[in-house]
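Asker: So the sequences go chain by chain: U, H and C. Residue numbers for the first sequence follow my numbering, beginning at 31 and rising by one. Residue numbers for the second sequence follow my numbering, beginning at 31 and rising by one. Residue numbers for the third sequence follow my numbering, beginning at 31 and rising by one. The beta-carbon is built from N, C-alpha and C at its ideal position, and this holds for glycine as well.
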Amino acid sequence: MPKQEYPLAFLAEFLGANLSGDSKAVIKSIAPLTSASSGSISFLEKTQYKDQLKTTEASAVILREADLSFLPKHINALVVADPYLSYAKISSLFNKSPNIDPGIHPTAILGKNVIVGSNVSIGAYSVIGNKVQLADGVVIGEGCAISDDVVIGENSRLYPRVVIYYGVKIGKRALVHSGAVIGADGFGMANDKGKWEKIYQLGSVEIGDDVEIGANTTIDRGALKNTIIEDGVKLDNQIQVGHNDKIGAHTAIAGCVAIAGSVTIGKHCMIGGASCFNGHIEIADQVIITGMTGVENSITQKGIYSSGIPASPHLNWRRILVRIMSLDQIAKRLQKLEKIIFKEE
Amino acid sequence: MPKQEYPLAFLAEFLGANLSGDSKAVIKSIAPLTSASSGSISFLEKTQYKDQLKTTEASAVILREADLSFLPKHINALVVADPYLSYAKISSLFNKSPNIDPGIHPTAILGKNVIVGSNVSIGAYSVIGNKVQLADGVVIGEGCAISDDVVIGENSRLYPRVVIYYGVKIGKRALVHSGAVIGADGFGMANDKGKWEKIYQLGSVEIGDDVEIGANTTIDRGALKNTIIEDGVKLDNQIQVGHNDKIGAHTAIAGCVAIAGSVTIGKHCMIGGASCFNGHIEIADQVIITGMTGVENSITQKGIYSSGIPASPHLNWRRILVRIMSLDQIAKRLQKLEKIIFKEE
Amino acid sequence: MPKQEYPLAFLAEFLGANLSGDSKAVIKSIAPLTSASSGSISFLEKTQYKDQLKTTEASAVILREADLSFLPKHINALVVADPYLSYAKISSLFNKSPNIDPGIHPTAILGKNVIVGSNVSIGAYSVIGNKVQLADGVVIGEGCAISDDVVIGENSRLYPRVVIYYGVKIGKRALVHSGAVIGADGFGMANDKGKWEKIYQLGSVEIGDDVEIGANTTIDRGALKNTIIEDGVKLDNQIQVGHNDKIGAHTAIAGCVAIAGSVTIGKHCMIGGASCFNGHIEIADQVIITGMTGVENSITQKGIYSSGIPASPHLNWRRILVRIMSLDQIAKRLQKLEKIIFKEE
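Shown next as structure tokens:
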């Protein structure tokens, strides 16, 4: 872990920001406006929070030109077009994650014909199968299990205890968090007089570049073709991606989403947590699904979609539930009244 | 991985199918009708897709007698009663999963009094506790942790990084995918003036024959008696099976289903993904639960049950939600009208 | 595993119970009233089950003073104020979990400047980073991966294959089950013209004393501040705790709950399984959420809250769904009738 201190001028240049104030101010951390202290840089994401500028103890604030006038004179400013994005960009400079030294730990076990690029790190007790290809700069954490014929692209990183089944391909700069399992069998079977006959899963998984995969997320291999995760997809923790699914480029999926098999999700979608996708459906590009939504059918138009119900006090909800369960009768009673009234008129 | 090529006559005999066409045609892969190419065998699951037969490039198609007339003459056919089941059966012949050689890896650690059958494979860095019994043909993947007194039946396979707590019994021909945890403590506790007192989980887990358990699925040990998974049960990924649950034979459960404690699910049930079961309920045999259903009460009759709500455009859904939340008032207003109208009549 | 047999007098003293009957009766196991046999102790949780006392074969029953008269004379009794709590307390005496011997397994790998207390056990193939502190009595199961600067308090236990990212702090007497991942990156990113820019997660995770964490549960590190789990929190399996979340002391959360980021949950809450929390909300103390509820907004009052819908027969539910989807029109039709009727009157 390097000493992470930067003069404000360095951050301004890093961000292409206009600096207003003391270019030599030393920035040691990032903090929210409300909890920042001297040596911190903060950011104003939305003008509606501008009152937080009055009391913040941050040494510098990243903000928009339009908000600069709200900042007390004694606080330095970095003026940018998108403060939240600028915060994201400098967050890498303050990352405290331990450094990984290249090298293959003596306890790592490599199969036959493994191709290992330069500056690769393979952690203790990892097991790498035959004919695996690890490109330059790949980091394999401790205790990973990588089966035969897996290909991992440049500068991708697997955290400890990731499992990759045979034949899976992962692109460049992937981040795969601990406990993720990629390439396990899809859930395929045929019924034979009440018993289930396994359908061997003959496809694999193809993952593009710049993909992040959260802890304990599972991505199943395809039945006949491959399960595909395109470039720039971001998957949170504990997501289930079924066999033959295709997740379009730059789509972000929040935690605990369950995606059944043979689902195609478009590019640039945003999927809220704990949502669920029925199998064999297709979702257009730029679709936003709010949390806990049940996506039962294909969605052909971009837009926001929902079916979650917010919590109510339990007794109210019981009362509403009784009405929901009798909705068909309610509708029929209404119809009956309508017939009477509109005949009368 | 053997060279997986078969003359059509071999597949016909394997399936007990009637072959129509060139019995010497060499089949190298299985593919869907729409993406098959020369050397592939495909299958027509339902007559409704018969138009795909016209344009398929498959060398052979598995289909029903009744659909044979729709197949172009130049394509070979295997005529069977259930094409999807036949596809399942031959899928094993094209499985590309790496071969596992029997043998105990020198880094595997075995406790005292472990009984190891013939042709057992134990992967690198697996740790096996005391008095564990591994029957003939068992495969333990890399980095598994198996605690004391575990029994695993013939030809069962654990993929890498499976954890089995002490005393768990697994039958024959099980497939347990990576990241699965079997036998962790059930979630039991008693409240002691606001603090939780742990209830030690004194039961175990008993798993029958021919069970498949998906990646990162968890099956908790029982509190006083055992959690039971009967023969032929198929569990997809990321399912939670609570303590004291009993899952009946040949029931299939899709991904991300949450089953609270002390639930009994019958035989031959099919449970859709992301469904949720309340504790202490009983589900009859042959019940089908569609995806994202909340099973709050016991179900005594076979049949299909649901409570999922499909996604709508967000603004429509907001409007509907407002109405749902005022359903009790709507019903009362309706009642009021009814009183007026039916008195008037 | 010790021989777990106790004279009833010992259990009475352990619980502070009044013994009625044979103080020398030997108790070898705990069992429910309906399946108990000679040598078992059972308990009557609620008076409504008192008929089970007539036929139980238990050698002793833990019950309330008020229920003592329902117990056949030949069965011994331990009279307590809260039989279920007493059952919890003695469950530890019958725990069959294998003994863990202190000691560092020769295959365990320790980084630099690791502080190891007395009576610490570190299992085979565990990897411990630099500057880790393991207090007295800590147990690290097989194949755990613990990164730099992690601190684990006295008598805490990690089951096999737990992963702890750098800088995480865990209190005393924690139980962390297999597959749990603590401190992985929160799901933070900013959109840059359609692509996602990662927000490095600079916070950590702080876990209090007496916390239990279920199998395959994930707790993400904070973005700028820490994710906090307070004392006495009990988390079941497959729960997702997002970045910056704070779970108040003695709150219990059942399996498969998804908690988005920046959520504060109060103390002494009980959260039902498969519930889902929207980000950036605050839940008061002593809130009870029933299973499968979508908590979209802050809850400021203690009480019970719900939004789950129980399963119905599928065709009924389809009919109800049609009505739900037209609820807005139903409400408008009702309004129209009201206008007509109430003008007429």
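Do Y230 (chain H) and S122 (chain C) have their CB atoms nearer than 7 Å?
Answerer: The sequence position of residue 230 (chain H) within the second sequence is 200, counting from 1. The sequence position of residue 122 (chain C) within the third sequence is 92, counting from 1. Taking 7 Å as the Cβ cut-off, Y230 (chain H) and S122 (chain C) qualify as a contacting pair.
Asker: What residue does the beta strand (DSSP E) around Y335 (chain C) start on, and which one ends it?
Answerer: Here residue 335 (chain C) refers to the residue found at position 305 when the third sequence is read from its first residue. Y335 (chain C) -> beta strand (DSSP E) spans 333-336.
Asker: Considering only the alpha carbon of each residue, which of H:I249, H:N125, H:E95, H:L74 lies closest to K58 (chain H)?
Answerer: On the second sequence, residue 58 (chain H) is found 28 positions in, with the first residue counted as 1. Ranking the options by Cα distance to K58 (chain H), first place goes to H:N125.
Asker: Roughly how many whole angstroms lie between the Cα atoms of M31 (chain U) and P128 (chain U)?
Answerer: Position 1 of the first sequence, counted from the start, is the residue given in the question as residue 31 (chain U). Position 98 of the first sequence, counted from the start, is the residue given in the question as residue 128 (chain U). Residue confidence for M31 (chain U) is low, a pLDDT of 48 falling below 50, so the modelled location carries little weight; the figure read from the coordinates is stated next. Approximately 6 Å, taken between the alpha carbons.
Asker: In its own chain, which residues sit with a C-beta less than 8 Å from the C-beta of L98 (chain C), not counting the 5 before and 5 after it?
Answerer: Stepping through the third sequence from its first residue, residue 98 (chain C) is reached at position 68. Counting only Cβ-Cβ distances below 8 Å, and skipping sequence neighbours, we find S50, A107, V109.
Asker: So T323 (chain H) is in the alpha helix (DSSP H); what residue range does that whole segment cover?
Answerer: As a working note, residue 323 (chain H) is residue 293 in the second sequence. That residue, T323 (chain H), is in no alpha helix (DSSP H); it is neither H nor E in DSSP.
Asker: If I follow the unbroken alpha helix (DSSP H) through K119 (chain H), where does it start and stop?
Answerer: For the purposes of this step, residue 119 (chain H) is identified with residue 89 of the second sequence, where counting begins at 1. Its alpha helix (DSSP H) spans residues 113-121.
Asker: Return the chain-ordered list of same chain residues with a C-beta closer than 7 Å to the C-beta of L5 (chain C), the five sequence neighbours on each side being excluded.
Answerer: Nothing about residue 5 (chain C) can be read from this structure; chain C reaches only from 31 to 375.
Asker: Starting from I354 (chain H), trace the alpha helix (DSSP H) both ways and give me its first and last residue.
Answerer: Looking up residue 354 (chain H) in the second sequence gives position 324. It spans 344-355 - the alpha helix (DSSP H) in which I354 (chain H) sits, taken as one unbroken run.
Asker: Please report whether the beta-carbon of C299 (chain C) lies at a distance below 7 Å from any beta-carbon of chain U.
Answerer: The residue labelled residue 299 (chain C) in the question sits at position 269 within the third sequence. So no, C299 (chain C) is outside the interface.
Asker: Enumerate in chain order the residues of its own chain whose CB-to-CB distance from T86 (chain H) is below 8 Å, with the five nearest sequence positions on each side excluded.
Answerer: Taking the second sequence and counting its residues from 1, one reaches residue 86 (chain H) at position 56. Hits under 8 Å: L63, T64, A66, S72, I105.
Asker: Between which residues of its own chain and A204 (chain C) is the CB-CB distance below 6 Å, once the five residues before and five after are set aside?
Answerer: Translated into the one-based positions of the third sequence, residue 204 (chain C) becomes position 174. So the qualifying residues of the chain are S186, V241.
Asker: Using beta-carbon positions only, say whether Y376 (chain C) and Y155 (chain H) come within less than 7 Å of one another.
Answerer: Because chain C is modelled from 31 through 375, residue 376 (chain C) falls outside the range shown and cannot be assessed.
Asker: Give me the Cβ distance between G278 (chain C) and C306 (chain C), rounded to the nearest whole Å; I'm assuming they're in contact under 8 Å.
Answerer: Taking the first residue of the third sequence as position 1, residue 278 (chain C) is located at position 248. Taking the first residue of the third sequence as position 1, residue 306 (chain C) is located at position 276. Contact flag wrong, Cβ pair sits at about 18 Å.
Asker: Could you check if F217 (chain U) is buried or exposed, using at least 16 other CB atoms within 10 Å of its CB as the buried criterion?
Answerer: Residue mapping note: residue 217 (chain U) aligns to position 187 of the first sequence, counting from 1. It counts as buried.
Asker: With a 10 Å radius around its C-beta and 16 neighbouring C-beta atoms as the bar for buried, classify E42 (chain H) as buried or exposed.
Answerer: Stepping through the second sequence from its first residue, residue 42 (chain H) is reached at position 12. The sequence as given places Ala at residue 42 (chain H); Glu does not occur at that position. Result: buried.
Asker: Pull up the CB-CB distance for G302 (chain H) and Q268 (chain H), whole angstroms please, since I reckon it's below 8 Å.
Answerer: The count along the second sequence starts at 1 and reaches residue 302 (chain H) at position 272. The count along the second sequence starts at 1 and reaches residue 268 (chain H) at position 238. Not confirmed; about 14 Å, so no contact.
Asker: With H, G and I counted as helix, E and B as strand and the rest as coil, what does DSSP make of L364 (chain H)?
Answerer: Position 334 of the second sequence holds residue 364 (chain H). If DSSP states are grouped into helix, strand and coil, L364 (chain H) belongs with the helices.
Asker: To the nearest angstrom, how far is the alpha carbon of A284 (chain U) from that of D81 (chain H)?
Answerer: As a position in the first sequence, residue 284 (chain U) is number 254, starting the count at 1. As a position in the second sequence, residue 81 (chain H) is number 51, starting the count at 1. Distance between the alpha carbons of A284 (chain U) and D81 (chain H): 39 Å.
Asker: Kindly say whether V164 (chain U), judged by its beta-carbon, lies nearer than 7 Å to any beta-carbon of chain H.
Answerer: Looking up residue 164 (chain U) in the first sequence gives position 134. Residue identity check: residue 164 (chain U) is Leu in the sequence provided, not Val. Not closer than 7 Å to any Cβ of chain H, the Cβ of L164 (chain U) fails to qualify, so no.
Asker: Quick one: which chain H residues come within Cβ less than 9 Å of M219 (chain U)?
Answerer: Sequence index remark: in the first sequence, residue 219 (chain U) carries index 189 (1-based). Correct list: A118, E242, K264, A282.
Asker: Pick out whichever of U:I259, U:S151, U:F44, U:D222 has its Cα sitting closest to the Cα of G213 (chain U).
Answerer: As a first step, residue 213 (chain U) is located in the first sequence; it is residue number 183 there, counting from the start. Selected option, being the one with the closest Cα: U:I259.
Asker: With distances taken between CB atoms, is the gap from S208 (chain H) to V193 (chain U) smaller than 7 Å?
Answerer: Taking the second sequence and counting its residues from 1, the one referred to as residue 208 (chain H) is at position 178. Taking the first sequence and counting its residues from 1, the one referred to as residue 193 (chain U) is at position 163. Yes; because the gap between Cβ atoms is below 7 Å, this pair is in contact.
Asker: Is it right to say T14 (chain U) is buried, meaning 16 or more other beta carbons lie within 10 angstroms of its own, or is it exposed?
Answerer: Here chain U has residues from 31 to 375 only, and residue 14 (chain U) is not among them.
Asker: Thinking C-alpha only, which one of C:K332, C:G321, C:P343, C:D275 is nearest Q331 (chain H)?
Answerer: Position 301 of the second sequence holds residue 331 (chain H). When each option's Cα is compared against that of Q331 (chain H), the closest is C:P343.
Asker: Would you check if the distance between the CB atom of D261 (chain C) and the CB atom of G296 (chain C) is smaller than 7 Å?
Answerer: Taking the third sequence and counting its residues from 1, the one referred to as residue 261 (chain C) is at position 231. Taking the third sequence and counting its residues from 1, the one referred to as residue 296 (chain C) is at position 266. No, the Cβ-Cβ distance between D261 (chain C) and G296 (chain C) is not below 7 Å.
Asker: For the alpha helix (DSSP H) containing T85 (chain U), list its first residue and its last residue.
Answerer: On the first sequence, residue 85 (chain U) is found 55 positions in, with the first residue counted as 1. Counting along the chain, the alpha helix (DSSP H) containing T85 (chain U) begins and ends at 82-85.
Asker: Specify the secondary structure class of F73 (chain U) as computed by DSSP and reduced to three states.
Answerer: Position 43 of the first sequence, counting from 1, holds the residue named residue 73 (chain U). Reduced to three states, the DSSP call for F73 (chain U) is strand.
Asker: Taking buried to mean at least 16 other C-beta atoms within 10 Å of its own C-beta, is G287 (chain C) buried or exposed?
Answerer: In the third sequence, residue 287 (chain C) corresponds to position 257, counting from 1. Per the sequence shown, the amino acid found at residue 287 (chain C) is Val instead of Gly. With 16 or more other Cβ atoms within 10 Å, it is buried.
Asker: I want to verify the contact list: residues of chain C whose CB lies under 8 Å from the CB of L367 (chain H), in sequence order.
Answerer: As a first step, residue 367 (chain H) is located in the second sequence; it is residue number 337 there, counting from the start. In chain order: L364, L367, E368, I371.
Asker: Is the beta carbon of I360 (chain U) less than 7 Å from the beta carbon of A361 (chain H)?
Answerer: In the first sequence, residue 360 (chain U) corresponds to position 330, counting from 1. In the second sequence, residue 361 (chain H) corresponds to position 331, counting from 1. Yes, Cβ-Cβ distance for I360 (chain U) and A361 (chain H) is below 7 Å.
Asker: State the beta-bridge partners of I301 (chain C) as determined by DSSP.
Answerer: For the purposes of this step, residue 301 (chain C) is taken as residue 271 along the third sequence, with counting starting at 1. According to DSSP, I301 (chain C) bridges with C:I283, C:I319.
Asker: Reducing DSSP to helix, strand and coil, say where Y36 (chain U) ends up.
Answerer: Working through the first sequence from its first residue, we reach residue 36 (chain U) at position 6. Of the three classes helix, strand and coil, the one that applies to Y36 (chain U) here is strand, per DSSP.
Asker: For T248 (chain C), decide whether its Cβ has a neighbour in chain U, counting only Cβ atoms nearer than 7 Å.
Answerer: As a first step, residue 248 (chain C) is located in the third sequence; it is residue number 218 there, counting from the start. By this cut-off, T248 (chain C) is an interface position.
Asker: So, using beta-carbon positions, are G197 (chain U) and D215 (chain U) closer together than 7 Å?
Answerer: Looking up residue 197 (chain U) in the first sequence gives position 167. Looking up residue 215 (chain U) in the first sequence gives position 185. No, the Cβ-Cβ distance between G197 (chain U) and D215 (chain U) is not below 7 Å.
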